[in-house]
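Protein chains: 2
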Amino acid sequence: MLLYHGARPNPRAVRMFMLEKGMSIPMRDLDIDKGENREPEFVARNPSGQVPVLELDDGFWLAESGAIFQYLEEIHPEPALIGSTAQERAETRMWQRRVERRITEPLYAAFHYGKGLSMYQERMVVLPECVPSLVKLMHDGMRWLDSVMTERSTIVPQRFTVADIVLYTAVDFGDGVGLGIPEDLNTLRNWRTEISWRPSAKTSLHPRSSETGMRY
Amino acid sequence: MLLYHGARPNPRAVRMFMLEKGMSIPMRDLDIDKGENREPEFVARNPSGQVPVLELDDGFWLAESGAIFQYLEEIHPEPALIGSTAQERAETRMWQRRVERRITEPLYAAFHYGKGLSMYQERMVVLPECVPSLVKLMHDGMRWLDSVMTERSTIVPQRFTVADIVLYTAVDFGDGVGLGIPEDLNTLRNWRTEISWRPSAKTSLHPRSSETGMRY
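Heads up: the sequence lines are chains A and B, in that order.
So the first sequence is residues 10 to 225, counted in my numbering.
So the second sequence is residues 10 to 225, counted in my numbering.
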């Protein structure tokens, strides 16, 4: 297998996921700022033109981080980051989806249409007039999650899961682009601090092999 | 098990999924227009306040249609609507996610903030100023999918999957609220016509037990 990645939070989430599982997969680092993921030969194989992409042994290109997490869990079940039973997996997928819809999607959209506008307007339909509303939507989602996460330290009760990875890599990125967690959301801020102590959280947006322990 | 549903496209997608599998699950129909899914006792068990919800035998409430599809596939694998192998499942999840992100999510948002505004402004953060841009985004996604789907009749090549169900129920709903497929997208319009011939597509937004063959 070969992981095409780059300096973006979703590829980082996949790296963090692999570190939690102790998996090592060769990686190829693309320069996203320069648009290496928009080159014709890349888009021909991933029509969404995004990273991460996991190339499987038969040459199949698997895009979408959510699909990559599930695939890696299936071929390398332990430690479970989605779940060990159908019901555990269902619960994790439910929380992951809630987190994506209410927090990470508006966060990434606010970045693409806001701070990232000059880069992304060449690559996608952009909605710059919606940025203030998207930030409001993201804050509403964060406030909601903060309110339902009292009395637990992980998004899925009592289990560290991919939902924590998806949100952690998003808010860590958000912090650097003016889209952080509001100061008064103590539950969510404490959750973030606790996740940051995990060795896998030491991955950065700009990975070096000494950080990740993976081959390039 | 018990499925809480209502007259909305995502519950319809779950019903269509069950019909394809020949599954019969008791259902309880909520009046979404009246907000039965926003009553305190419902929100206490599903803090997102949405349908569908699948109540499992031990009383656990599973929300989010994407998580429900996966759970039903795990407990009732045949016929496979996600996939029979890890790679098939991965491919389906990739396409489902692309369809959601580029088409169904902007479509539902454009409905919630547009035609559905008077209802939804009481229930969620709404972004009415973004409706024209969301329609543009949705059309861009439809145009993209139309361009990559030439030479195949299903979203995942050569297999009818949950990705078809997710998109079909969305565009069928969209048609009724002024968010249809543009006239010039022949590939996508032909795809839709072909899906509409499946017996499972005879489910409607307002199900009657004679239509679905399921108990209430």
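Where is the CB? At the ideal position from N, CA and C, for every residue including glycine.
Are A:G123 and B:R102 close, meaning C-beta to C-beta below 8 Å? The residue labelled residue 123 of chain A in the question sits at position 114 within the first sequence. The residue labelled residue 102 of chain B in the question sits at position 93 within the second sequence. No, Cβ-Cβ distance for A:G123 and B:R102 is not below 8 Å.
Given that a residue counts as buried once 16 or more other Cβ atoms are within 10 Å of its Cβ, and exposed if not, what is B:L190? In the second sequence, residue 190 of chain B corresponds to position 181, counting from 1. Note on residue identity: the sequence assigns Ile, not Leu, to residue 190 of chain B. B:I190 comes out buried.
Please classify A:E100: is it buried, with 16 or more other beta-carbons within 10 angstroms of its beta-carbon, or exposed? Walking along the first sequence from the start, residue 100 of chain A turns up at place 91. It is buried - the Cβ of A:E100 has at least 16 other Cβ atoms within 10 Å.
Own chain, CB closer than 6 Å to A:G92, minus 5 neighbours either side, in chain order: Along the first sequence, one-based indexing puts residue 92 of chain A at 83. Result list for A:G92: R98, T101, in chain order.
On a CA-only basis, which of A:R152, A:S209, A:P20 is nearest A:N195? Give me that one, please. Numbered from its first residue, the first sequence carries residue 195 of chain A at position 186. Selected option, being the one with the closest Cα: A:R152.
For the segment 145-158 of chain B, list every residue whose C-beta sits within 7 Å of some C-beta in chain A, in sequence order. If the cut-off is 7 Å between Cβ atoms, the segment 145-158 of chain B has K145, L146, D149, V157 near chain A.
Going by beta-carbon coordinates alone, are B:Q105 and B:A179 separated by less than 8 Å? Numbered from its first residue, the second sequence carries residue 105 of chain B at position 96. Numbered from its first residue, the second sequence carries residue 179 of chain B at position 170. Their beta carbons are not under 8 Å apart, which means B:Q105 does not touch B:A179 by this criterion.
If you measure between the beta carbons of B:M10 and B:L65, is that distance less than 8 Å? Residue 10 of chain B sits at position 1 when you count from the first residue of the second sequence. Residue 65 of chain B sits at position 56 when you count from the first residue of the second sequence. Cβ atoms of B:M10 and B:L65: closer than 8 Å.
Count the CB pairs spanning the segment 132-145 of chain B and the segment 139-150 of chain A that are closer than 8 Å, and state whether there are at least three. Segment contact: the segment 132-145 of chain B against the segment 139-150 of chain A, three or more CB-CB distances shorter than 8 Å; contact assigned.
Does the structure place the segment 47-62 of chain B close enough to the segment 14-23 of chain B that three or more beta carbon pairs sit under 8 Å? In short, these stretches touch, since the Cβ pair count reaches three.
Tell me, please, whether the CB atom of B:M128 is closer than 8 Å to any CB atom in chain A? Numbered from 1 along the second sequence, position 119 holds the residue referred to as residue 128 of chain B. No, because no Cβ of chain A sits closer than 8 Å to the Cβ of B:M128.
What separation, rounded to the nearest whole angstrom, lies between the Cα atoms of B:P141 and B:D181? Locating residue 141 of chain B in the second sequence gives position 132, where the first residue counts as 1. Locating residue 181 of chain B in the second sequence gives position 172, where the first residue counts as 1. If you take the alpha carbons of B:P141 and B:D181, they lie about 20 Å apart.
Return no unless some Cβ of chain B is closer than 8 Å to the Cβ of A:F169. In the first sequence, the residue the question calls residue 169 of chain A occupies position 160. No, A:F169 lies away from the interface with chain B (no Cβ there is under 8 Å from its Cβ).
Does the beta-carbon of A:E114 have 16 or more other beta-carbons within 10 angstroms, so that it is buried, or is it exposed? As a position in the first sequence, residue 114 of chain A is number 105, starting the count at 1. That one is buried.
Return the bridge partner residues of A:W153 from the DSSP annotation. Along the first sequence, one-based indexing puts residue 153 of chain A at 144. In DSSP, A:W153 forms no bridge with anything.
Neighbour flag for B:P86 against chain A, beta carbons, 8 Å: The count along the second sequence starts at 1 and reaches residue 86 of chain B at position 77. No, because no Cβ of chain A sits closer than 8 Å to the Cβ of B:P86.
Would B:M25 count as contacting chain A if we go by Cβ distances under 8 Å? Within the second sequence, numbered from 1, the residue matching residue 25 of chain B stands at position 16. Interface annotation, B:M25: not in contact with chain A, CB-CB separation never under 8 Å.
Ordered along the chain, which non-local residues of its own chain (more than five positions away) have a Cβ less than 6 Å from that of A:V52? Working through the first sequence from its first residue, we reach residue 52 of chain A at position 43. If we look at A:V52 and ignore the five residues flanking it on each side, its Cβ neighbours are G58.
Determine which residues share a DSSP beta bridge with B:R168 and list them. Counting from one through the second sequence, the residue named residue 168 of chain B turns up at place 159. For B:R168, DSSP records a beta bridge to B:V165.
What is the C-beta distance between A:L116 and A:G183, in whole angstroms, given that I count them as a contact (C-beta under 8 Å)? Your numbering for residue 116 of chain A matches position 107 in the first sequence. Your numbering for residue 183 of chain A matches position 174 in the first sequence. About 5 Å separates the two Cβ atoms, so the contact holds.
Alpha-carbon spacing of A:N55 relative to B:A72, whole angstroms: Within the first sequence, numbered from 1, the residue matching residue 55 of chain A stands at position 46. Within the second sequence, numbered from 1, the residue matching residue 72 of chain B stands at position 63. Straight across, the Cα-Cα distance linking A:N55 with B:A72 is about 30 Å.
Closer than 7 Å, Cβ to any Cβ of chain A: which residues of the segment 60-85 of chain B, in chain order? Of all residues in the segment 60-85 of chain B, only L65, F69, L71, A72, E73, G75, A76, Q79, Y80, E83, I84 place a beta-carbon less than 7 Å from a beta-carbon of chain A.
Residue nearest to A:I84 in terms of C-alpha spacing, selected from A:I41, A:G31, A:E50, A:S162: Here residue 84 of chain A refers to the residue found at position 75 of the first sequence. Residue A:G31 is the option with its Cα nearest to A:I84.
Name, going along the chain, the residues of the segment 183-197 of chain A whose beta-carbon falls closer than 8 Å to a beta-carbon of chain B. For the segment 183-197 of chain A, which is checked against every Cβ of chain B, not one residue is closer than 8 Å.
Just by C-beta distance, which residues in the segment 30-64 of chain A are closer than 8 Å to chain B? For the segment 30-64 of chain A, which is checked against every Cβ of chain B, the residues closer than 8 Å are P56, S57.
Just checking my contact of A:A119 with A:L188 at CB under 8 Å: how many whole Å lie between their CB atoms? Within the first sequence, numbered from 1, the residue matching residue 119 of chain A stands at position 110. Within the first sequence, numbered from 1, the residue matching residue 188 of chain A stands at position 179. Indeed they touch by this definition, with Cβ atoms about 6 Å apart.
Per DSSP, what kind of secondary structure is A:E29 in: helix, strand or coil? Here residue 29 of chain A refers to the residue found at position 20 when the first sequence is read from its first residue. Helix.
Please check if any C-beta of chain B sits within less than 8 Å of the C-beta of A:V175. On the first sequence, residue 175 of chain A is found 166 positions in, with the first residue counted as 1. Chain B has no Cβ within less than 8 Å of the Cβ of A:V175.
Going by the beta-carbon positions, is the gap between B:R21 and B:L214 smaller than 8 Å? As a position in the second sequence, residue 21 of chain B is number 12, starting the count at 1. As a position in the second sequence, residue 214 of chain B is number 205, starting the count at 1. In contact: B:R21 and B:L214 (Cβ atoms closer than 8 Å).
Could you give the DSSP three-state label for A:R37: helix, strand or coil? For the purposes of this step, residue 37 of chain A is taken as residue 28 along the first sequence, with counting starting at 1. In this structure, A:R37 counts as strand in the three-state DSSP scheme.
Taking 8 Å as the threshold (beta carbon to beta carbon), is B:M103 in contact with chain A? Counting from 1 along the second sequence, the entry for residue 103 of chain B is found at position 94. Yes, its Cβ sits closer than 8 Å to a Cβ of chain A.
What are the residues that DSSP puts in a beta bridge with B:W70? Here residue 70 of chain B refers to the residue found at position 61 when the second sequence is read from its first residue. Answer by DSSP bridge pairing, in chain order: B:E64.
Expressed to the nearest angstrom, what Euclidean distance is found between the alpha-carbon atoms of B:A89 and A:D40? As a working note, residue 89 of chain B is residue 80 in the second sequence. As a working note, residue 40 of chain A is residue 31 in the first sequence. If you take the alpha carbons of B:A89 and A:D40, they lie about 38 Å apart.
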